[in-house]
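Chemist: Line by line, the protein sequences give chains D and X. The numbering used here applies: residue 21 is where the first sequence begins, and numbers increase by one. The numbering used here applies: residue 29 is where the second sequence begins, and numbers increase by one. Even for Gly, the Cβ is constructed at its ideal location relative to N, Cα and C. Sending over a structure as structure tokens; questions will come in a sec.
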Amino acid sequence: MAKAAAKKTAAAASPSVDRRPALAGRTTTATGVKVEVLPPAERISLRAPEASVAALSKALGLTLPKKPKTSASKGGRTVLWLGPDEWLVIDEGGNDPLADCATVTELHSAVGISHRNVAISVTGPAAEATINSGCPQDLSLDAFPAGAASRTILGKAEIVLLRTADDAFRVECWRSFSDYVFTFLSEGARDAAG
Amino acid sequence: MLLIRCPYCEEERPELEFRNAGEAHIARSANMSGESDDDFEKFFFIRSNPKGIIYERWRHMHGCARFFNAVRDTVTDKFVMTYKAGEPKPAKLPGVAK
Numbered sequence: 021m022a023k024a025a026a027k028k029t030a031a032a033a034s035p036s037v038d039r040r041p042a043l044a045g046r047t048t049t050a051t052g053v054k055v056e057v058l059p060p061a062e063r064i065s066l067r068a069p070e071a072s073v074a075a076l077s078k079a080l081g082l083t084l085p086k087k088p089k090t091s092a093s094k095g096g097r098t099v100l101w102l103g104p105d106e107w108l109v110i111d112e113g114g115n116d117p118l119a120d121c122a123t124v125t126e127l128h129s130a131v132g133i134s135h136r137n138v139a140i141s142v143t144g145p146a147a148e149a150t151i152n153s154g155c156p157q158d159l160s161l162d163a164f165p166a167g168a169a170s171r172t173i174l175g176k177a178e179i180v181l182l183r184t185a186d187d188a189f190r191v192e193c194w195r196s197f198s199d200y201v202f203t204f205l206s207e208g209a210r211d212a213a214g
Numbered sequence: 029m030l031l032i033r034c035p036y037c038e039e040e041r042p043e044l045e046f047r048n049a050g051e052a053h054i055a056r057s058a059n060m061s062g063e064s065d066d067d068f069e070k071f072f073f074i075r076s077n078p079k080g081i082i083y084e085r086w087r088h089m090h091g092c093a094r095f096f097n098a099v100r101d102t103v104t105d106k107f108v109m110t111y112k113a114g115e116p117k118p119a120k121l122p123g124v125a126k
């Protein structure tokens, strides 16, 4: 019996080593809004005290934002302020921010979370209404302009929200929540369009 | 929905992002093993539960994730003010008599 079980595991092992992104290829289009899954990206969760911020900014190649609800972006890399000593770094240019932080000797904690998160883009004139179907924050351009970023909630799931343009958002959620978040946004898109 | 001002995010955020974390300004003894059973009971179980102004810890769970202190009126459920963790109890409360 043990042998049979071992055989089964070995047979199943080869397809599971392939990277299978969650929600790959899923898209919803409604009047005025498009919800789609973004390609995988490199991400780190960065925690650091005030004294290390300058060295980390230098290593990452862009200044870590210090103001609440802001982000900084340069050359495919975006740093989002999440808390007074916490940032989310997203790199879409194929460079590894974890390797950049490894050169810094000042006190900090950088944890790779590339595979933990799934990014969903919500674009179009009705994008704001779509996200507001489950997110209680004020997303008007006065309160949440392009470049603004915040950890918040969507329905029952925690998300990190980044406004990439006046009518475009990037929603980051945990992989295990991604099906729920995508479906929620799809329903929201339909409501926002109607 | 209540709007709660987070002293770290420096703005009012919807209550869904927050979680209550019990009464504030309860000092843990530096010599816990030397505490008598009565004193430990007071520290661990006994809370003031007032009708009116209460000092509470809150956490901006789905935001900056920071703990902070809030002054709330248990009768009206209104937040009087919020301040950062570690800061002393405010001597004067805005808009509160006595």
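Using beta carbons (cut-off 8 Å, strictly below), is X/E38 in contact with chain D?
Modeler: yes
Chemist: Taking only three categories from DSSP, how would you classify X/R100?
Modeler: It is a strand residue.
Chemist: Anything in the stretch 80–107 of chain D with a Cβ closer than 8 Å to a Cβ of chain X? List those residues in chain order, please.
Modeler: P88, K89, L102, G103, P104, E106
Chemist: Quick one, which residues of the stretch 167–191 of chain D are near chain C if we go by CB-CB under 9 Å, in chain order?
Modeler: In the structure shown, chain C cannot be found, because the protein chains are D and X.
Chemist: Any beta carbon from chain D within less than 8 Å of X/M29's own beta carbon?
Modeler: yes
Chemist: Tell me X/F95's beta-bridge partners as DSSP assigns them.
Modeler: X/R87
Chemist: Roughly how far, in whole angstroms, is the beta-carbon of X/E39 from the beta-carbon of X/R47, given that I think they are within contact range, below 8 Å?
Modeler: Wrong, their Cβ atoms sit about 18 Å apart, outside the cutoff.
Chemist: Can you name, in chain order, every residue of its own chain whose Cβ lies under 6 Å from the Cβ of X/R75, other than the five neighbours on each side?
Modeler: The beta carbon of X/R75 is closer than 6 Å to those of E51 in its chain, skipping five residues each way along the sequence.
Chemist: Among D/R39, D/S206, D/S91, whose alpha-carbon lies nearest the alpha-carbon of D/S141?
Modeler: D/S206
Chemist: Which residues in the same chain have their Cβ closer than 7 Å to the Cβ of D/I133, if we skip the five residues on either side of it in sequence?
Modeler: R63, I64, S65
Chemist: Going along the chain, which unbroken runs of the alpha helix (DSSP H) with 4 or more residues stay wholly within the stretch 138–201 of chain D?
Modeler: Secondary structure remark: continuous alpha helix (DSSP H) runs of at least 4 residues inside the stretch 138–201 of chain D, in chain order: 147–152.
Chemist: Does DSSP classify X/M109 as helix, strand or coil?
Modeler: strand
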